[in-house]
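In the numbering used here, the protein residues as written are 198 to 765. The beta-carbon is built from N, C-alpha and C at its ideal position, and this holds for glycine as well.
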């Protein structure tokens, strides 16, 4: 017949196992059976009394033997009973002179000393047990805090549990929630006959096994199997060779993570419960830390893989965008070239048509007056075609400017003097005096001013006034071109410097783009002021000569004024 009994034992420490003398072995068994020890003490007392009666006073010292035996082997108040009986018999058997070592005071003193010695020994034994337990706890705590290797921590835990509890075998099972099972993670045993059972390496959570019940109830279970005959309910145990198992659930942060179990003897169950509870806390923390570390490591590996994949995708998208950008730039360049070619072709078509018509007329023969008129038309159209080609060359010219100290006044005056002003256009100029020199390519700045003057003239087909001003302000020397035209609409003002942008039916739309490129090459700036019906001002700001010299550029000879004087 087979039966199981499961209950919880109150924790209690006991003396650790050690090599015993025959006398110590007899005393230990006497303490376990106080009735027998008391009977032995009283019987010994009776024998001593009889011997003293027949032998006389010298044998009175033998009364100390039962007193010492009772004081060492029995708990109070039984030693007092034996000592009282010993005193009474000592008085009754003593002769007229008594004996020096058999007095009642001496007997009572021996009893008290024996009782104190036993209490001291018990205290020392408890201290030794607690010291060993604390040392084991410290070893396990050190392993928990110094290592994230779960296998190493579990091996340390089962070794300490085996040493501290005097268990026959110890095992740690970890919870696998995905499989719904408890899996054996580490074990230790004292002998091959007392080990974790092979069929207990994997315990389903929905079974009635002591391990499954412990983690389901979150309770400390002490299960005892009583058998006769077939093994039957021995499957409830997890350790071979023993019939009592202590199972302690491992709980971390309120969540069960496994079970710590030990096969113990009947005498060691209470001590094992207490120590296994203490060990279970550290083991649960270690399991939780190791799993958190493993999860963090898996998350880091996944994040790094995801990051590499994302970087690869970003790199691929970047290459695609760069390729698309190159294709867009190429398409825009082709479109710009096509637009520029169409604009230049359109602008050149008119001069060429005029030249063609005039040549046809001259070939047929005309009067001298008409001949001069046709030749003049050819000359003007050739100049117009030359201007278009020069504008195209200026736009595509990307060579750095040849910088030298120059007079802004001289550059402005020369540009205004060389401008082809039609009738009805009045030109004026105004210059500040004195005016600092600039560090510039006088020819390139002159070309930019020529474009601005030409635009101003084209903005006033019915006539008007063009004014050129030079002045110093905010660390720059400014050359401004004013007109009295209709002004630039605010809606198109942000686009006027775009290449090929124009609002007129004639022109390539390169003039202002050339102006901006020239100014930027000089580290300058250009400003536009315009109001509907109030005209427009374009101002070019160039750095003053000391500013550019401070940047490490060496000055060369200054540019002379048209009248041969140098302006400083």
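- In this structure, the CA atom of residue 402 is about 16 Å from the CA atom of residue 448.
- Inclusion of residue 397 and residue 381 in the CB contact set at 8 Å is warranted, their separation being smaller than that value.
- DSSP, reduced to helix, strand and coil, places residue 475 within a helical segment of the structure shown.
- Here the alpha carbons of residue 481 and residue 454 stand approximately 7 Å from one another.
- According to DSSP, residue pairing for residue 436 in a beta bridge involves 393.
- A straight-line Cα-Cα distance of about 29 Å links residue 732 and residue 638.
- Contact check for residue 388 against residue 348 fails: the beta carbons are separated by 8 Å or more.
- Excluding its 5 nearest sequence neighbours in each direction, residue 582 has C-beta neighbours in its own chain below 6 Å: 545 and 548, listed in chain order.
- Short of 8 Å from the beta carbon of residue 622, and not among the five residues preceding or following it, lie these beta carbons of its own chain, in chain order: 654, 657, 660, 661, 662 and 663.
- With a 10 Å radius around the Cβ and a threshold of 16 neighbouring Cβ atoms, residue 586 comes out exposed.
- Each of 727, 596, 628 and 378 was checked against the Cα of residue 711, and the nearest Cα belongs to 596.
- Taking the CA atoms as reference points, residue 517 sits about 16 Å from residue 506.
- In the assembly as shown, residue 498 is an exposed residue. Its beta-carbon has fewer than 16 other beta-carbons within 10 Å.
- Considering only 729, 474, 556 and 675, the residue with the shortest C-alpha distance to residue 573 is 556.
- The alpha carbon of residue 646 has as its nearest neighbour, out of 571, 576, 406 and 735, the alpha carbon of 735.
- In the three-state reduction of the DSSP assignment, residue 405 falls in the coil class.
- The Cβ neighbour count for residue 410, taken over all protein chains shown within 10 Å, is at least 16; the residue is labelled buried.
- Setting aside the 5 residues that flank it on each side, residue 495 has no residue in the same chain whose C-beta is closer than 7 Å to its C-beta.
- For residue 693, the CB contacts under 8 Å within the same chain, skipping 5 residues up- and downstream, are 685, 709 and 725 in chain order.
- When only Cα atoms are considered, residue 672 and residue 551 end up about 49 Å apart.
- If you keep only unbroken beta strand (DSSP E) runs of at least 3 residues inside the segment 712-745, you get 722-727 and 733-740.
- The beta carbons of residue 419 and residue 385 sit about 20 Å from each other, so the pair does not count as a contact at 8 Å.
- Here residue 565 carries a helix assignment [DSSP, helix/strand/coil].
- Secondary structure note for residue 608: its alpha helix (DSSP H) is the uninterrupted segment 605-615.
- Comparing alpha carbon positions, the residue from 619, 606 and 618 closest to residue 630 is 606.
- If you ignore the 5 residues before and after residue 632, its C-beta comes within less than 8 Å of the C-beta of 604, 605, 606, 667, 668, 669, 674 and 764, all in its own chain and listed in chain order.
- Between residue 357 and residue 476 a beta carbon distance of about 7 Å is seen, short of the 8 Å cut, so the two are scored as contacting.
- In the assembly as shown, residue 578 is a buried residue. Its beta-carbon has 16 or more other beta-carbons within 10 Å.
- If you draw a 10 Å sphere on the C-beta of residue 561, you find fewer than 16 other C-beta atoms in it, and that means exposed.
- Cβ contact annotation for residue 600 (same chain, cutoff 7 Å, sequence separation greater than five): 636, 637, 638 and 750, in chain order.
- Rounded to the nearest angstrom, the gap between the Cα atoms of residue 520 and residue 682 is 46 Å.
- Assigned with DSSP and collapsed to three states, residue 580 falls in helix.
- Residue 564 counts as exposed, since fewer than 16 other beta carbons sit within 10 angstroms of its beta carbon.
- Here the alpha carbon of residue 553 sits roughly 34 Å from the alpha carbon of residue 641.
- Judged by DSSP in its simplified three-state form, residue 689 adopts coil rather than helix or strand.
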